[in-house]
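Student: Protein chains in written order, with the numbering used here: chain A, -6 to 292; chain B, 31 to 278; chain C, 66 to 286; chain D, 33 to 324. Even for Gly, the Cβ is constructed at its ideal location relative to N, Cα and C. Remember, it's a predicted structure, so these values are computed and weren't measured experimentally. Here's a structure for you.
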Amino acid sequence: MDFYLGLLQIMGVHTLLGLSAYVVLQTGQVSLAQAGFMAIGAYVAAMLTVLAGWPLIAALVVASLVAGITACLVGFPALRVHGLMLVVATIAFTEIVRLFFFNFDYQISRGNLQVGPLGGEGFRQIRYFPENGWTTLHVAVFIWTVVALVMAALWWMDRSRAGAVLRAVGEDEIAAQSCGINLTAVKVSAMTAGGAIAGIAGGLYAHYTTHIEQSNFTILLATFAIAYPILGGLSSVFGTVAAVIFIQGFLVEGLRFLGDWRNLLFGALIVLVMNIRPSGLLDARTMASLRRLFGRKEG
Amino acid sequence: MLELANLSKHFGGVRAVDSLNLKIEPGQIFGLIGPNGSGKSTTVNLITGLLDVTHGSITLAGEEITRLPTHVRLSSGIARTFQNIRLFGQLTVWQNLWVAENARAQRERTNFFSRWMGGDRGARARITRALEFSGLADKADELAANLAFGEQRRLELARALAAEPKLLLLDEPAAGMNPEEIGALDDRIRQIRDSGITVLLIEHHMELIMAIADRIAVLNFGQKIAEGTPAEVQAHPAVREAYLGTAG
Amino acid sequence: MKSIFGGVEEDFAHSRATWYAVMKEVAAKEGFEVKGEAKWLLNDTNFTNQAREARRAAADIMVISAHPFTTCGMLKEMARQGVAPKLLVGLTSSSSLETLQGCAKEAEAIIIPTSFAPVTPEAQAAADNAAKFNGSLDLHSAAAYENVMILKQVIESEGIMAKPDTLQDDRNKIRAGLAKLQQTTGLLGVTKRTPDREAIKPFLFVHAKAGKWEVLHNPLN
Amino acid sequence: MLLVDLAQSILDGVLFGATYALIGIGFTLVFGVMHKINMAYAAASVGGAYAALRLITLIGGPAWASLLIAAAVGGLFGLFIYWLCFRFIPLSNPLATLMSTVGMFLLAEEIIVHTTDGMPQNYPVVVGGILHLGEFMIRGDLVFVFACAILAMLILLYLLYRTKLGTATRAVSQQPIAAQLVGIRINQVNALTFVVTGMLGGFAGALIGSAVGLLSPLLVVPLTIKGLIVTVIGGLGSIPGAIIAGLLVGMAENVFQYFRGVTERDIYVMLLLFIFLVFRPGGIFSTTVKRD
């Protein structure tokens, strides 16, 4: 049972990470900076609970703010470039953040123990959940509550004018400008929102794994972040969840019995899915028919 | 309404637009014609700010806008359509207009909620009106990419109108249309003018432009070679030379 | 042999710990002159600077505390620059087939202190068995063999039933069994434990010879 | 002594940068000229080198022959990648092709791990020798890599601007519909350009394997990142730019390592990249930013 709860926790955090990329992808920007924002969120949240003794929720809020502000600041220069250039610029950002934490020592004495991030050794003593008597179930429920809140907010945004404007920018920047849309403001806002969500993901991640280090936040993680919404489809937030279940649930856990072969299948299946469903697992048409199935039955 | 003074755009050595002076009075349909490559689209891109001006100035309703960024110009009273249609294909017809209507909301400093989230009743009414005007009322929930060509042209016009501009720039709106559709377009442009919007019309379709334009300017090699009423322009020898290649 | 120089994979905790916390400290205590260390990262490919540092240090002993990929890269660059310490020492992690697959020539004669090597007859037999199935029980993977053997010992002595309804019981028994374990039979024969359950093991020296790992010194003999 | 070390360090960095330049040329071709994002490029290149190494140890033969085999295998991989990741995905959907090549990247990496148990493989020296110039040492193999990069550039520029295939490639990437209208078979041209870049990739992979002395799955991610960086600093699509950028990145790495140590080295390299992106988004060879 604990195993499956643990899996749920992983899936929750990855869903948040995917959603953080989802917002940015809506504006047509491929950002591999999400792993960097997640790292910032993870370290900030963990330092606040461990070193400053803050309650978790306050720490998560601040972590999210710090990651969001960083995303905003990075957004201005980074969004001057497009397409592949942006991909590379954001790769550079994620690497800079990772290497910063690789060189970041900040330890204080706690009893006869040194606590805090210690460069390459990582940050080991994040014991908020066990110290406060949270069980795995509590943690899983808490994570998914946060996921549900973020999803609800994004789902609402998707149906609002803000969502339409984000997509409009993603579709055609020149036409969007010609409709009076301030591209920089829209893109930087999306980046900021994405950074804030990734920051929450990082804060949660730090607390359930209890040990974080720079090697958790690599380009590979950033690639997963964009993989979820792209594989799942950008027409709604549910695509991202579907992709997380597909990758973390089915490919990583469900196929475990295949042993070594699973990893081979992993890449191959991604290639296959993109060939069969280039707009993602849940593309606009699928969503429409699902809505017809579950929603109002017309005619 | 719009005044271009000494407007120039150079690409390296090429003078795409060269010291152009134009004055468009409010409530006019102003036609801009010229052979291919004469600088018409560049002029539109200069007015909307997609290209930076090399020198000269642009004044809209008495206010200089030469250095303003594109989105500010467009939300402050200019709207346009594109020669090669640029819709938001994966958005519905309704959403296309909803996005553009934001420009008006921004101009009138509507509160945050109705600007970004719900959409006030006024917006809804305006969008519906623009849809009805363009004959797209029954297509509101269709994806823009799924519309037929003529419908896409109409949607683009509706999107431009949704922002309630003072000046509307139409970049070859009749391209690819059949005579029947052009007839409907003719009516629509007149109605737009009659509703108080100034129109700058760029068009290759001479019949249309001669029929509806109040005033016409002719460009060749980036320079204005003639300006006047349709009849005056048609009679101008420089225009005949530009179009037919011979004098007389 | 008087002086010693290190080579460390900086972004891997074990590599760092082995050099900084163990080898470097002990070397100083034993009266060696520690000439410092060269540092690189897990997936580095260019070792020109590091090999030059090693050359400048001109130490008698060179210790490389890293994984096979960078160990080989560094050894190859040292060969290019003609850095030839009198004694080359490696880490258990490098005592695998991987190093020999990657750079047998350059790793020739490297000495590795390890407590994992199939030297007892039982372990030798296990290694032969593994070889039959295309596997290799080398110095590195032998640790896994040793761990499994410890578990086997506990399972047998505690009478684990492995039935669905004894699952919780079995777990507790194994935990208790491991806790009270005083000695185990490992690859090097009998291993004793300290009260805080640290293993007391002899270790032996192996070295690379003609593309194979050979036991250089076996304290059991 | 210090100054000599610094000079040697710069020299070593520039020389090692030749390997980045070589992989960067392929990347810039894929991204800049063909306008396609192929994240699997470096993985396939290393894969080509692996296959060549396996074949050459199996059938025997001189080490340089492995370069030719790697080029051939790399071309084949290029074709595979085109068929599996591009051929059947609409080009109007660049995110889908980006993702399919990411999937291909993971697949290629795993195939390498699977077939070699992740063990590093010794790669024979193709060109050896070290030149001694007074205090300084110059690695012969890296000079050879550099020469190969220049040669590859000349061949590619010839192919691109002097042959039908090159004209067709540029036409297809810039004006696909117009190209189709004048009778160019888009799929064939695309497949062929993937084969050509794949061949270059395999060749580069083998040369890099020989320069590093080893093949390992660990090469794949850093090479991909280096390739991307070189492409951007050199300017998308600029082959000479990629070469200069490769050498520059190699030098920057060694210099930063010399002054700031290995743990901080890459921070500065990435910052350098970031500065380039923001202040010179067109790359080294771009004329002043195109405004006016």
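Given that a residue counts as buried once 16 or more other Cβ atoms are within 10 Å of its Cβ, and exposed if not, what is K217 of chain C?
Tutor: Counted from its first residue, the third sequence places residue 217 of chain C at position 152. Classification of K217 of chain C: exposed, given that the 10 Å Cβ count is below 16.
Student: To the nearest angstrom, how far is the alpha carbon of D253 of chain A from that of A261 of chain A?
Tutor: Position 260 of the first sequence, counting from 1, holds the residue named residue 253 of chain A. Position 268 of the first sequence, counting from 1, holds the residue named residue 261 of chain A. In a straight line, the C-alpha of D253 of chain A is about 14 Å away from that of A261 of chain A.
Student: Hey, out of C:A119, C:K238, C:E102, C:F268, whose CA is closest to G147 of chain C's CA?
Tutor: In the third sequence, residue 147 of chain C corresponds to position 82, counting from 1. Considering only alpha carbons, the answer is C:A119.
Student: Quick one, which residues of the region 231 to 260 of chain D are near chain A if we go by CB-CB under 8 Å, in chain order?
Tutor: So the list reads V253, I257, L260, given in the order they occur along the chain.
Student: Indicate whether at least one CB of chain B lies closer than 7 Å to the CB of G292 of chain A.
Tutor: On the first sequence, position 299 is the one that residue 292 of chain A refers to. Model confidence at G292 of chain A stands at a pLDDT of 34, short of 50, so the residue's coordinates are unreliable and nothing is read from them.
Student: Could you tell me if the beta carbon of L66 of chain A falls within a distance shorter than 6 Å of some heavy atom in the ligand NAD?
Tutor: This structure lacks the ligand NAD, and indeed carries no ligand of any kind.
Student: Mind pulling the chain A residues with CB within less than 7 Å of P313 of chain D?
Tutor: To locate residue 313 of chain D, count along the fourth sequence from 1; it is residue 281. In chain order: R73, V74, M78.
Student: Is the Cβ of D165 of chain A closer than 7 Å to any Cβ of chain B?
Tutor: The residue labelled residue 165 of chain A in the question sits at position 172 within the first sequence. Yes - at least one Cβ of chain B is within 7 Å of the one on D165 of chain A.
Student: Thinking S38 of chain B and G86 of chain B are a contact (beta carbons under 8 Å), I'd like their distance in whole angstroms, please.
Tutor: Numbered from its first residue, the second sequence carries residue 38 of chain B at position 8. Numbered from its first residue, the second sequence carries residue 86 of chain B at position 56. That pair is a contact at about 5 Å.
Student: If you compare alpha carbons, which of B:S106, B:A130, B:I255 is closest to R116 of chain B?
Tutor: Locating residue 116 of chain B in the second sequence gives position 86, where the first residue counts as 1. Among B:S106, B:A130, B:I255, the Cα nearest to that of R116 of chain B is on B:A130.
Student: From L147 of chain A to V230 of chain A, what distance separates their C-alpha atoms?
Tutor: Counting from one through the first sequence, the residue named residue 147 of chain A turns up at place 154. Counting from one through the first sequence, the residue named residue 230 of chain A turns up at place 237. Cα to Cα, L147 of chain A sits roughly 7 Å from V230 of chain A.
Student: In whole angstroms, what is the alpha-carbon distance linking G206 of chain B and A211 of chain D?
Tutor: For the purposes of this step, residue 206 of chain B is identified with residue 176 of the second sequence, where counting begins at 1. For the purposes of this step, residue 211 of chain D is identified with residue 179 of the fourth sequence, where counting begins at 1. Cα to Cα, the separation comes out at about 22 Å.
Student: May I ask which residues mark the beginning and end of the beta strand (DSSP E) holding Q253 of chain B?
Tutor: As a working note, residue 253 of chain B is residue 223 in the second sequence. Looking at the DSSP string, the run of the beta strand (DSSP E) that includes Q253 of chain B is 253 to 258.
Student: So, does the CB of G276 of chain C fall closer than 7 Å to a CB anywhere in chain A?
Tutor: Here residue 276 of chain C refers to the residue found at position 211 when the third sequence is read from its first residue. Taking Cβ atoms only, chain A never reaches closer than 7 Å to G276 of chain C, which makes this a no.
Student: Taking a contact to mean a Cβ-Cβ separation below 7 Å, would you say P272 of chain D touches E163 of chain C in this structure?
Tutor: Residue mapping note: residue 272 of chain D aligns to position 240 of the fourth sequence, counting from 1. Residue mapping note: residue 163 of chain C aligns to position 98 of the third sequence, counting from 1. Going by C-beta atoms, P272 of chain D is not nearer than 7 Å to E163 of chain C.
Student: Below 8 Å CB to CB, which residues in the same chain sit around T42 of chain A once its five sequence neighbours on both sides are set aside?
Tutor: Working through the first sequence from its first residue, we reach residue 42 of chain A at position 49. Around T42 of chain A: P48, L49, A52, I119, Y121, H200.
Student: Just to confirm my understanding: we take F287 of chain A, look at its own chain, exclude 5 residues before and 5 after, and list those with CB closer than 7 Å. What are they?
Tutor: Position 294 of the first sequence, counted from the first residue, corresponds to residue 287 of chain A. Counting only Cβ-Cβ distances below 7 Å, and skipping sequence neighbours, we find nothing.
Student: Taking only beta carbons into account, state which residues of the region 200 to 223 of chain A come closer than 7 Å to chain B, listed in chain order.
Tutor: Of all residues in the region 200 to 223 of chain A, none has a Cβ within less than 7 Å of some Cβ in chain B.
Student: Thinking C-alpha only, which one of B:T89, B:A192, B:L177, B:A243 is nearest R137 of chain B?
Tutor: As a working note, residue 137 of chain B is residue 107 in the second sequence. For the residues B:T89, B:A192, B:L177, B:A243, the minimum Cα distance to R137 of chain B belongs to B:A192.
Student: Opposite I177 of chain C in the DSSP bridges: which residues?
Tutor: The residue labelled residue 177 of chain C in the question sits at position 112 within the third sequence. I177 of chain C is bridged to C:V271.
Student: Assuming the contact rule is C-beta atoms closer than 8 Å, L36 of chain B and N51 of chain B should be a hit. Round their C-beta distance to whole Å, please.
Tutor: Mapped onto the second sequence, residue 36 of chain B falls at position 6. Mapped onto the second sequence, residue 51 of chain B falls at position 21. Strictly speaking, residue 36 of chain B in this sequence is Asn, with Leu absent from that position. The Cβ separation is near 6 Å, so the contact holds.
Student: With a 10 Å radius around its C-beta and 16 neighbouring C-beta atoms as the bar for buried, classify W278 of chain C as buried or exposed.
Tutor: Position 213 of the third sequence holds residue 278 of chain C. The residue in question, W278 of chain C, is buried, as its Cβ has 16 or more Cβ neighbours within 10 Å.
Student: Which of helix, strand or coil does DSSP assign to V158 of chain D?
Tutor: On the fourth sequence, residue 158 of chain D is found 126 positions in, with the first residue counted as 1. Of the three classes helix, strand and coil, the one that applies to V158 of chain D here is coil, per DSSP.
Student: How many Å lie between H234 of chain B and A247 of chain B at the Cα?
Tutor: For the purposes of this step, residue 234 of chain B is identified with residue 204 of the second sequence, where counting begins at 1. For the purposes of this step, residue 247 of chain B is identified with residue 217 of the second sequence, where counting begins at 1. Cα-Cα distance, rounded: 13 Å.
Student: In three-state terms, what does DSSP make of S38 of chain B?
Tutor: Along the second sequence, read from residue 1 onward, the residue named residue 38 of chain B stands at position 8. Strand.
Student: Compare the C-alpha of F210 of chain A against each of A:T216, A:R91, A:A82, A:G11 and name the closest.
Tutor: Indexing the first sequence from 1 puts residue 210 of chain A at position 217. Of the listed residues, the one whose Cα sits closest to F210 of chain A is A:R91.
Student: Near G251 of chain C, which residues of its chain fall below 6 Å by C-beta distance, leaving aside the five closest residues on each side in sequence?
Tutor: Numbered from its first residue, the third sequence carries residue 251 of chain C at position 186. Closer than 6 Å at Cβ, skipping near neighbours: E211.
Student: Which residue from D:A128, D:I261, D:R292 puts its Cα closest to that of A277 of chain D?
Tutor: For the purposes of this step, residue 277 of chain D is taken as the residue at position 245 of the fourth sequence. Answer by Cα proximity: D:I261.
Student: If you compare alpha carbons, which of B:V44, B:V123, B:L197 is closest to T89 of chain B?
Tutor: As a first step, residue 89 of chain B must be located in the second sequence, where it is residue number 59. The residue with the shortest Cα to Cα distance from T89 of chain B is B:L197.
Student: Go through its chain and collect everything with a Cβ distance to M185 of chain D's Cβ below 7 Å, but skip five positions before and after it.
Tutor: By one-based count along the fourth sequence, residue 185 of chain D stands at place 153. Excluding sequence neighbours, M185 of chain D sits near I57, I271, P272, I275.
Student: Where does the unbroken beta strand (DSSP E) through K53 of chain B begin, and where does it stop?
Tutor: In the second sequence, the residue the question calls residue 53 of chain B occupies position 23. Element bounds for K53 of chain B: 44 to 54.
Student: Short check: CB of L303 of chain D to CB of G49 of chain D, under 7 Å?
Tutor: Taking the fourth sequence and counting its residues from 1, the one referred to as residue 303 of chain D is at position 271. Taking the fourth sequence and counting its residues from 1, the one referred to as residue 49 of chain D is at position 17. Result no, Cβ atoms of L303 of chain D and G49 of chain D do not sit closer than 7 Å.
Student: How about Y300 of chain D and F308 of chain D: do their beta carbons lie closer than 7 Å?
Tutor: Mapped onto the fourth sequence, residue 300 of chain D falls at position 268. Mapped onto the fourth sequence, residue 308 of chain D falls at position 276. It is not a contact, given that the beta carbons lie outside the stated cut-off.
Student: List the residues of chain D that A169 of chain C touches, going by C-beta distances under 8 Å, in chain order.
Tutor: Your numbering for residue 169 of chain C matches position 104 in the third sequence. Residues of chain D passing the Cβ test: N154.
Student: Give the range of the alpha helix (DSSP H) segment to which I316 of chain D is assigned.
Tutor: Sequence index remark: in the fourth sequence, residue 316 of chain D carries index 284 (1-based). Counting along the chain, I316 of chain D falls outside any alpha helix (DSSP H), and DSSP gives it neither H nor E.
Student: Given a limit of 7 Å on CB to CB distance, which residues of the region 105 to 136 of chain A reach chain C?
Tutor: Residues G113, E114.
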